[in-house]
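Read the structure below first, then the notes.
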Amino acid sequence: MESKNNWKAWLYLAPTIILMLIFTIYPLINTIIISFLKHYDYTQNTFAGTSFTFDNYLLIFGKTGQYYIDGTFSYTTTFMRYALINTLIIVFVTVPASIFLALLIAVGLNSIKWFRRIFQTIFFMPYVTNAIAIGMVFAVMFQKDFGLINMIFGTNKNWIDFGASRWSAMFVLCVYIIWHALPYKILIFLSGLQGIDKQYYQAAKIDSTPKVKVFTRITIPLLSPQIAYVFITSFIGAFKEYSSVVALLNNPGPNGKLDNSLLTIVYYIYNMMDKPASMSLAAAAAVVLLLIVLFFTFIQLYVSNKKVHY
Amino acid sequence: MTDLKLVLNDEKINAKKVQKIEKVFKILSNIVLYAFIIVMAIIVIIPFYWMIATSLKTMEEIRASQQYFFPKVAQWKNYAEALGPNSSFKFWVYLRNTLIVGIFSTLGTLITTIFAAFAFARLNFKGKDTLFTIFLATMMIPGEMLVITNYITVARLGWVGSDITGAYLAMIVPFWVSVFYIYLLRQNFKQIPNELYYAAKVDGKSDWQYLWKVMVPIAMPILISIFILKLMGSWNSYVWPNLVANNENWRLISNGLRGAFQDTSSGMIQYNLQMAGTVVVTVPLLLLFIFFRKYIMRGVSRAGLKG
Amino acid sequence: MKTSKKILSISVLSLIAILSLTGCNEDKAKTSSSSNSNTSTASDSTSSTQIVGDKHIQVWHAMGKENLEAVQTMTEQFLAIPGNEEWTVEFISKGNYDQLKSDALKAIPAQTLPTVAMCYPDHVADYLKAGVVEKLDSYIEASDAASAAAGESDPYQFDSTDYIDAFWQEGAQQVEDGMYSVPFSKSTEVMFYNKTFFDKYNLSVPKTWDQMETLCAQILAIDEVKNTANYEAPLGYDSDDNMLITFFKQLGIPYTSIREISGKKVGQFDFNNQDAKDLVTKLVGWRENGYITTKALLGNNTYTSTKFTEGTLHMTVGSTGGTRYNFTSNFKIGVAPLPQWDTDEEPSYILQGPSYVFFNKKGDYTKKSQIEFAWKWYTYITNPVNSASYAILTGYEPVRYSSYQTEIYEQHLDVNPDRVATTADGLRSAVSNLTQTLQDGYFTTPVFVGSATARTSVGGIFAAVCSGTSVTQAFESALNDCILSQNV
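Residue numbers (my numbering), protein chains in the order written: chain E, 28 to 337; chain F, 3 to 309; chain L, 251 to 738.
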């Protein structure tokens with residue numbers, strides 16, 4: 028309609044665009060360029076070779092190389108074997124699980140009469156904590172010999188201590204991530220629920236519709252905008268998971284420095300970035316992450332455009 | 003007639019029965035409901051309890067192989083030590099820095115967010131959808147990847163290692179844009195009926211006036227909630243401030259927390275003091291939430307609506 | 251039109267605001283440097299504005315509070331020396347050495363390096379590759395001459411030959427010729443043992459690792475040990491990295507080396523060999539028998555010294571710099587040199603601990619005079635008396651031969667045997683007496699880009715194999731990590 032608004036709109040957007048160009052787009056382009064340079068060294072702004080190369084991408088997907096004494100070796104298979112797989116596990120376990128739990132808790136909170144405010148406050152508490160400190164608390168709670176969890180269940184399982192298996196450590200990690208992800212989701216669902224017209228429920232009550240049916244036929248469809256929104260944002264968040272592993276293990280795995288069994292993509296990026304020599308690999312991994320996230324997000328947007336009731 | 007009466011009577015009895023069953027069912031489901039919520043609440047609260055308990059224990063208790071649920075004797079002096087003048091955790095200095103950085107980065111964010119959200123929600127221009135998609139796509143970029151280039155940028159601007167103003171700027175300016183909040187506010191602005199806009203136009207109000215006189219007041223709850231969420235964000239931000247604020251007195255609160263209470267030559271952490279510090283850092287945030295709960299809830303409730 | 255003007259002006263204003271803030275900040279930096287350069291002293295590093303100017307140096311460190319305070323006190327004395335009063339020294343804590351290195355690497359392209367920083371020689375290799383390290387030879391010569399000329403009254407008392415040889419030579423072991431770092435606080439590893447326990451069961455302290463193996467079996471057979479709850483092992487080794495590197499050295503197993511490839515010195519990783527693998531297999535056998543544990547195997551960032559003081563370990567190998575963490579009043583503690591594999595060979599003990607590196611910052615944002623002043627500061631804080639008092643405080647070793655002849659250090663060394671068991675000071679003193687006799691056996695490993703990674707990844711091998719990785723695979727992934735850290 029108002030095409031004359033064209034330049035005005037750009038003026039309104041100017042501060043945002045300028046800042047984004049400097050602090051997001053420029054570093055992003057820089058990263059993409061670096062991902063195509065061999066052995067980019069940020070301390071000197073130099074790289075090996077003369078032209079763009081796909082080597083960094085091939086390397087993170089396990090291309091083998093030549094080393095001057097021992098013959099061949101594989102550069103690194105940690106990206107494929109651990110970083111990628113672990114990240115996908117985290118995403119596809121914690122996102123649905125935390126959304127489901129948050130939904131249940133939110134619906135529960137919405138239908139109780141007593142202590143509602145206190146409970147709301149309690150469920151928001153993980154949001155206001157220092158992730159690193161609480162991660163340490165989780166580590167202590169899941170300790171083998173004197174941890175709270177083994178104490179409560181009378182078990183003697185090695186969860187995350189030395190010698191723990193990848194899957195038990197992954198379990199603890201997922202529990203921690205879900206725990207930490209709950210409050211924000213509960214909050215959004217709760218406020219979404221409070222926005223739902225009470226008439227729907229009254230109608231259901233008159234028809235004496237079973238509660239499960241009310242939940243699946245009324246609550247979920249009416250909450251679908253919130254659910255879709257939470258799905259997309261927490262999906263992106265879960266793909267970038269990193270600090271939870273640091274908080275819990277301070278290492279990409281429970282079994283010493285060579286253990287990468289809980290490596291995530293961003294952790295891999297961080298590790299590679301730490302040494303000037305492997306910066307190019309970090310850049311390539313970051314671009315791969317970006318592509319994966321874009322792919323999943325577009326799928327989600329597509330699905331939610333079809334399914335969400337507004 | 004008698005037949006009918008009978009049936010009626012029967013129904014009466016049935017209705018009573020049904021009512022009774024319903025009542026029992028209601029109580030039962032309430033019990034289940036509360037049990038579920040209480041169990042979840044306990045799960046949520048246990049780490050906090052552990053944090054507080056640890057902050058009141060002695061180092062010997064923490065390091066002992068046998069752990070106890072309660073501290074033997076509550077060591078309140080841990081708090082005095084953690085916050086005292088001899089502590090390496092300079093709470094008040096960190097608090098001041100965090101508040102300054104938090105407030106200024108939030109104000110900047112609010113301004114850019116209001117403008118951008120207004121443009122996306124209300125105005126029409128070529129390439130609007132493409133631009134918005136690009137904006138959303140930037141949310142998917144792992145921030146870690148941008149760190150090195152951005153560090154060089156802020157260093158070139160003279161903000162690293164010069165003085166405290168530089169450190170503040172380095173911690174504030176790169177965070178003046180938040181696509182997430184632009185998205186949030188755009189959703190909110192879109193909720194405002196078009197009729198209001200046309201009415202304002204008829205009244206001779208310009209876009210600018212309409213934005214500040216109509217849209218911003220309507221969106222006030224979400225603006226307040228953005229303010230609070232962003233402030234909480236700077237309370238917890240770690241990686242970037244750690245890099246650019248390379249002086250004890252420029253640190254933000256979570257950097258201070260991480261660095262303090264650790265013996266650097268041995269790497270041993272005084273967990274009790276660290277947890278005491280953590281408790282002290284957490285409480286203000288919790289109070290902020292309790293105090294502004296209404297706004298935060300109202301703010302995020304718009305988050306998921308159609309865009 | 252009116253509105254659009256407003257918007258335009260606001261946008262322009264916000265842009266100007268951004269730019270002017272930058273400008274302001276630069277102006278401020280300039281004025282503050284000219285006006286208050288001499289009001290701030292070392293202890294004043296707590297003042298909230300930092301002084302940037304010519305007569306100012308910045309020190310990046312990773313010292314704890316007590317150690318920093320000691321250095322700050324020395325620095326105040328240094329700044330009181332005539333000619334130094336106008337200068338300021340600022341200490342910036344980086345928390346730990348990894349963080350320090352990581353920040354320094356990022357500071358190279360950003361041109362925000364400090365004048366001087368604490369370092370491990372491994373780190374210097376990376377800095378050197380980027381071309382930002384100041385070669386110290388000329389400074390050393392100049393200071394040697396100056397101190398010799400000044401005589402007894404000289405506060406610096408510099409004499410490059412007086413620095414303990416093993417410590418000093420470490421700074422010259424880069425791939426380029428010359429001195430690139432200078433020693434500050436140096437330590438080695440010794441074995442602490444539970445003397446009460448050893449005396450009770452009449453056990454003798456092992457001199458070789460073979461004796462250790464027998465001893466461990468012997469200890470595990472003792473009833474008291476069998477009944478100890480949560481008993482870890484007879485022996486703990488705090489540093490996984492040092493354990494394998496020291497064992498390689500003692501057994502003559504290749505670890506890393508420097509070779510020349512087309513005229514350029516390049517670091518090389520040699521540890522992926524059969525002898526090394528056999529050693530690891532043997533050690534894993536020890537672990538399976540319950541003889542040994544390490545910090546990595548304990549997990550949760552638990553030090554073996556912690557378990558030692560709790561009584562669930564009877565011996566622990568740890569850094570002399572962390573002596574105080576091995577002290578407990580629960581039992582008597584003994585100190586012994588690290589056992590050896592081969593008694594026919596000269597004994598080998600690892601040399602570790604931070605040094606100082608000076609940055610020339612490639613580019614013109616630093617002045618030669620600043621490096622010179624930083625160098626002078628270094629010579630002062632490592633003069634015989636200062637080095638001795640720092641060593642006494644921390645448990646590190648003095649870096650000067652003549653420190654041992656200072657009055658305070660002689661007092662420190664003169665210890666009543668009873669005090670060893672009853673006070674932490676006594677234990678430190680016993681350690682100092684011991685390490686004085688070990689210095690000929692100190693070794694370091696070659697330094698090059700990637701040597702830091704070699705250390706940590708080799709240090710991960712033992713833990714990896716203990717947790718079920720195959721020996722071959724563990725060595726291979728360690729080698730992969732190493733190669734990734736090098737631009738081959």
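By construction, the Cβ of each residue, glycine as well, lies at the ideal position given by its N, Cα and C atoms.
Values in this document were obtained by computation on a predicted structure and should not be read as measured data.
So what does DSSP say about residue i, is it helix, strand or coil?
i: S62 of chain E; result: helix
i: M565 of chain L; result: strand
i: A380 of chain L; result: coil
i: I150 of chain F; result: helix
i: R650 of chain L; result: strand
i: D353 of chain L; result: helix
i: K545 of chain L; result: helix
i: K212 of chain E; result: helix
i: P303 of chain E; result: helix
i: I54 of chain F; result: helix
i: E482 of chain L; result: coil
i: Q71 of chain E; result: coil
i: M368 of chain L; result: strand
Does any residue of chain F bring its CB to less than 8 Å from the CB of residue i?
i: I642 of chain L; result: no
i: Y526 of chain L; result: Just to set this straight, residue 526 of chain L is Ala in the shown sequence, not Tyr. Chain F, which has no Cβ nearer than 8 Å to the Cβ of A526 of chain L, makes this no.
i: Q361 of chain L; result: yes
i: I223 of chain E; result: no
i: V681 of chain L; result: no
i: E29 of chain E; result: Residue confidence is low: E29 of chain E scores 47 on pLDDT, short of 50, so the model does not pin down where it sits. No coordinate-derived value is stated.
i: W37 of chain E; result: yes
i: D675 of chain L; result: no
By the DSSP assignment, the alpha helix (DSSP H) with residue i in it spans what residues?
i: V120 of chain E; result: 112-138
i: V199 of chain F; result: Before going further, note that residue 199 of chain F is Tyr rather than Val in the sequence given. Segment 196-204, the alpha helix (DSSP H) holding Y199 of chain F.
i: G517 of chain L; result: That residue, G517 of chain L, is in no alpha helix (DSSP H); its beta strand (DSSP E) goes 514-519.
i: V530 of chain L; result: 524-538
i: V708 of chain L; result: 701-716
i: N244 of chain F; result: 241-246
i: E439 of chain L; result: Element bounds for E439 of chain L: not the alpha helix (DSSP H) but the beta strand (DSSP E), 439-444.
i: S639 of chain L; result: 634-644
i: Y96 of chain F; result: 93-124
Between residue i and chain E, is there a C-beta pair that is closer than 8 Å?
i: W52 of chain F; result: yes
i: L378 of chain L; result: no
i: L734 of chain L; result: yes
i: N480 of chain L; result: yes
Do residue i and residue j have their C-beta atoms within less than 8 Å of each other?
i: Y109 of chain E; j: L290 of chain E; result: yes
i: K74 of chain F; j: E83 of chain F; result: no
i: V440 of chain L; j: P597 of chain L; result: no
i: G571 of chain L; j: G540 of chain L; result: no
i: N444 of chain L; j: F577 of chain L; result: no
i: L148 of chain F; j: L55 of chain E; result: yes
i: W186 of chain E; j: F169 of chain E; result: yes
i: E420 of chain L; j: P433 of chain L; result: yes
i: G162 of chain E; j: S271 of chain E; result: yes
i: V241 of chain F; j: A360 of chain L; result: no
Determine the chain E residues that contact residue i at a beta-carbon separation under 9 Å, and present them in chain order.
i: G486 of chain L; result: Per Cβ cutoff of 9 Å: no residues; G486 of chain L is ~13 Å from chain E at best.
i: A704 of chain L; result: By Cβ distance, chain E contributes nothing, its closest Cβ being about 12 Å from A704 of chain L, past 9 Å.
Which chain L residues are close to residue i, counting only those with a beta carbon under 9 Å from its beta carbon?
i: P281 of chain E; result: G549, S717
Is there a Cβ from chain L that is less than 8 Å from the Cβ of residue i?
i: A157 of chain F; result: yes
Under 7 Å between beta-carbons, which chain E residues line up against residue i? List them in chain order, please.
i: P144 of chain F; result: K267, V293, I296, A313, L316
For the beta strand (DSSP E) containing residue i, name the first residue and the last one.
i: S507 of chain L; result: 506-511
i: S343 of chain L; result: 338-343
i: P589 of chain L; result: P589 of chain L -> no beta strand (DSSP E), and no H or E assigned at all.
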